[in-house]
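Visitor: Chains as they are written, first to last, in this note's numbering: chain A, 1 to 388; chain B, 389 to 547.
Where a beta carbon is used, it is the ideal one built from N, C-alpha and C, also for glycine.
Please read these numbers as outputs of a predicted model, since none were measured by experiment.
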Amino acid sequence: MTSRISATVQQIPKSGIRDFFDIVQTMKDVISLGIGEPDFVTPWHIREAAIYALERGKTSYTANLGTLRLRHAIATYLAKHLHVDYHPKNEILVSVGVSEAIDLALRALINPGDEVLYHEPCYVSYGPTITLAGGRPVPVATRFEENFALNIADLEKAVTPKSKILMINFPSNPTGASITVEKLEELARFCEKHNLIVLSDEIYSELTYDGVTHHSIAAVPGMKDRTILLHGVSKAFAMTGWRIGFACGPADIIEAMMKIHQYSILCAPIMGQEAAVEALERGEFSVNQMRNEYEHRRNFVVAACRDMGLPCLMPQGAFYIFPNITKYGMSSKEFALQLLQEKKVAVVPGSAFGASGEGFVRCSYATSMDKLKIAMERLEEFLQQGFR
Amino acid sequence: MDALLQLLQKDDRVSPAELAQQLNISEKEVVAKIRKWESDGTILGYHAVIDRERMNPDLVTAVIEVKVTPEREGGFDHTAQRIARFEQVESVYLMSGGYDVLVIVHGQSLRDVANFITNKLSTMEGVQSCTTRFRLKTYKENGMLHGMEEKCERLAVAP
């Protein structure tokens, strides 16, 4: 029987995270390190601003690009923190999370058969979203031995005359890798040489550690006109459920993205936009508090993993560690399943983040210190039982 | 504020080894820093944070605004220090504005607090007047919310 579902959609694999979620859900008393969102509730001053907005009757549609007030707040915020200037009138689009903005950008730019380069292991949506937009995904593996940093030589090997876009995500989900200014400049020359547009997912840009500050490729001289900067309030401000992201870039691309956005989404929800203004204008204190907390947890989990002999990098961003489990002789999926069944600790198999994620598991430390301590004890027990 | 001090302020029962791990510094450094703060008076003490209302619902807390006649030498210090020495007094602050010294007092009963004010505080030399206000309910104390914990409910696994 022929399926009534489109061939394109059939060809797209289900998210590996979704599979795992279905199993975890059937179990009790699981400590989950599998959650890609903060364990903090949105800071009260932000929630209160949204409640106030509702009291004032802010319940309508907004401009397709988002409220002008929010776009101004975004412009001011990015100028201050990432040192890049965008015009609120036509260079900023407010989306329903960064996920929507990625989809819009890819659909606005890709002609059938265009190739999109991206580094892997990466966020689960990149490959499928490229395929859905009619492009060809070209993953470029990053390596544990190189701190999961971008290797320009590998990119050079993957690039072809059909390459049009390079997607980057630093600090990275799932590896926690960040990128240096020098590497960004090298990358900029690479993009200019091959005339690539950069889609830079910087959703974790506030969450950097060891005194490292995040730098945007959009701020590298000459790059603003070929970069779409994607950011949002979800991670740093603990606002995942509000669904507010934004895309900033050259006016012609933002205009093209807006065309799709206006027909498919119309606009991001107004309450979320009102809350995002408060977050961007007055959220710095809360962000710093949460970041400090993440940094302490990161130090703890990395030290704990290393103590139990689990090879693990010290990531400088996001809230994930991505330890190497190859020496235990199991696939990442088997490892995660056994750990879940035997010790009730949920981690995400690295293979969910692309083929080069095989041999790793992602553990999120966006969970309370008390739970992390128990999880690390259980993990150690699991590793000691000897399948080495 | 020093990151170690922040962690201690949140929970002083975490062991030096754990604190060292969280801050990515040596245990020796943690112990040395704590000793220094204890000796120079940065850390004044350690105590459990108690929900007084739960412990004893009849407990009375009064916030007393005191007007004080300052002295030629020492200003308000002498009187404020005398007030601070009473055991039932929890906090004493010199304030700007319509009165001079703010005193927070805990007592076992209303009579208890009334006795303190009429017999001790208001009869003290230098004290001109007292305005007493009683606590009715606690919502937040020492940075801790009372009876309104928030749980972040999340999916078990998310991208």
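Which residues in the same chain have their Cβ closer than 8 Å to the Cβ of Ala336(A), if we skip the five residues on either side of it in sequence?
Guide: So the qualifying residues of the chain are Phe20, Ala346, Val347, Val348, Pro349 and Val361.
Visitor: Can you give me the start and stop residues for the alpha helix (DSSP H) that Asp19(A) sits inside?
Guide: Gly16 to Gln25
Visitor: When you check each C-beta in the stretch 107-126 of chain A against every C-beta of chain B, which residues fall closer than 8 Å?
Guide: Tyr123, Val124 and Ser125
Visitor: Is it buried or exposed, Ala355(A), if we count other Cβ atoms within 10 angstroms and call 16 or more buried?
Guide: exposed
Visitor: How long is the line joining the alpha carbons of Arg473(B) and Gly176(A), rounded to whole angstroms?
Guide: Their Cα atoms are separated by approximately 53 Å.
Visitor: Quick one: which chain A residues come within Cβ less than 7 Å of Asn530(B)?
Guide: Correct list: empty, because the minimum Cβ distance to chain A is about 17 Å.
Visitor: Measure the C-alpha to C-alpha separation of Thr240(A) and Gly535(B) and round it to an integer number of angstroms.
Guide: Distance between the alpha carbons of Thr240(A) and Gly535(B) is about 26 Å.
Visitor: Is Ala420(B) helix, strand or coil by DSSP?
Guide: helix
Visitor: Given this structure, state the Cα-to-Cα distance separating Val454(B) from Glu380(A), to the nearest angstrom.
Guide: If you take the alpha carbons of Val454(B) and Glu380(A), they lie about 59 Å apart.
Visitor: Any beta carbon of chain A sitting closer than 8 Å to that of Glu453(B)?
Guide: Chain A, which has no Cβ nearer than 8 Å to the Cβ of Glu453(B), makes this no.
Visitor: If you pair each beta-carbon of the stretch 310-319 of chain A with each one of the stretch 199-215 of chain A, do three or more pairs fall below 8 Å?
Guide: yes
Visitor: Quick check: the Cα distance between Thr526(B) and Gly495(B), rounded to an integer number of angstroms?
Guide: 15 Å
Visitor: Helix, strand or coil: how does DSSP classify Pro487(B) here?
Guide: One point to set straight first is that residue 487(B) is Tyr, not Pro, in the sequence displayed. Three-state DSSP puts Tyr487(B) in coil, outside helix and strand.
Visitor: Report the three-state DSSP secondary structure of Leu155(A) (helix, strand or coil).
Guide: helix
Visitor: Within the stretch 107-140 of chain A, note down every full beta strand (DSSP E) run reaching 3 residues or more, in order along the chain.
Guide: 115-120
Visitor: Determine the burial state of Asn299(A): buried for a count of at least 16 other Cβ atoms within 10 Å of its Cβ, exposed for fewer.
Guide: buried
Visitor: Taking only the alpha-carbon atoms, compute the straight-line gap between Met436(B) and Lys398(B) and give it to the nearest angstrom.
Guide: Contrary to the premise, residue 436(B) reads as Ala rather than Met in this sequence. Roughly 11 Å separates the two Cα atoms.
Visitor: Applying a beta-carbon distance threshold of less than 7 Å, which residues of chain A neighbour Asn412(B)?
Guide: Asn299
Visitor: Between Gly433(B) and Glu426(B), what straight-line distance do the alpha-carbon atoms span, to the nearest angstrom?
Guide: Separation of Gly433(B) and Glu426(B) (C-alpha to C-alpha, rounded to the nearest whole angstrom) is 8 Å.
Visitor: Which of the residues in the stretch 391-409 of chain B, read from start to end, lie with their CB under 8 Å from any CB of chain A?
Guide: Ala391, Gln394, Leu395, Glu406 and Gln409
Visitor: Measuring CA to CA, which of Ile152(A), Arg143(A), Glu192(A) and Val181(A) is closest to Lys164(A)?
Guide: Glu192(A)
Visitor: Please name the residues in the stretch 32-49 of chain A whose beta-carbon is closer than 8 Å to at least one beta-carbon of chain B, in chain order.
Guide: Taking 8 Å as the cut-off between beta carbons, the residues of the stretch 32-49 of chain A near chain B are Ser32, Gly34, Ile35, Gly36, Glu37, Pro38, Asp39, Phe40 and Val41, in sequence order.
Visitor: Taking Leu533(B) as the query, report the chain A residues whose CB atoms sit under 7 Å from its CB, ordered along the chain.
Guide: Chain A residues near Leu533(B): none, gap ~10 Å exceeds 7 Å.
Visitor: Closer than 8 Å, CB to CB, is Ala375(A) near chain B or not?
Guide: no
Visitor: Exposed or buried, what is Gln409(B) when buried is set at 16 or more other beta-carbons lying within 10 Å of its beta-carbon?
Guide: buried
Visitor: Would Asp201(A) pass as a contact of Asn151(A) if the rule is Cβ separation under 8 Å?
Guide: Taking 8 Å as the Cβ cut-off, Asp201(A) and Asn151(A) do not qualify as a contacting pair.
Visitor: Give me, in chain order, the residues of the same chain whose beta-carbon lies closer than 7 Å to that of Arg4(A); leave out the 5 immediate sequence neighbours on both sides.
Guide: none
Visitor: Is the CB-CB distance between Ala247(A) and Leu230(A) below 8 Å?
Guide: Cβ atoms of Ala247(A) and Leu230(A): closer than 8 Å.
Visitor: Closer than 9 Å, Cβ to Cβ, to anything on chain B: give me those residues from the stretch 255-285 of chain A, in chain order.
Guide: none
Visitor: Quick test of the definition: if touching needs 3 or more C-beta pairs under 8 Å, does the stretch 325-342 of chain A touch the stretch 275-292 of chain A?
Guide: No, the stretch 325-342 of chain A does not touch the stretch 275-292 of chain A.
Visitor: Report the partner residues of Arg521(B) according to the DSSP bridge assignment.
Guide: For Arg521(B), the pairing in a beta bridge is given by DSSP as Val451(B).
Visitor: Shortest alpha-carbon distance to Gly283(A) belongs to which of Glu186(A), Arg47(A) and Leu65(A)?
Guide: Arg47(A)
Visitor: Measure the CB-CB distance between Thr59(A) and Ile270(A) and report whether it falls below 8 Å.
Guide: Yes, the Cβ-Cβ distance between Thr59(A) and Ile270(A) is below 8 Å.
Visitor: Quick one: residues in its chain with C-beta nearer than 6 Å to the C-beta of Ile74(A), no 5 flanking neighbours on either side, listed in chain order?
Guide: Ile92 and Phe246
Visitor: Could one say the Cβ of Phe21(A) lies closer than 8 Å to chain B's Cβ atoms, at least one of them?
Guide: yes
Visitor: DSSP puts Pro349(A) in a beta bridge; with which residues?
Guide: Pro349(A) is bridged by DSSP to Val361(A).
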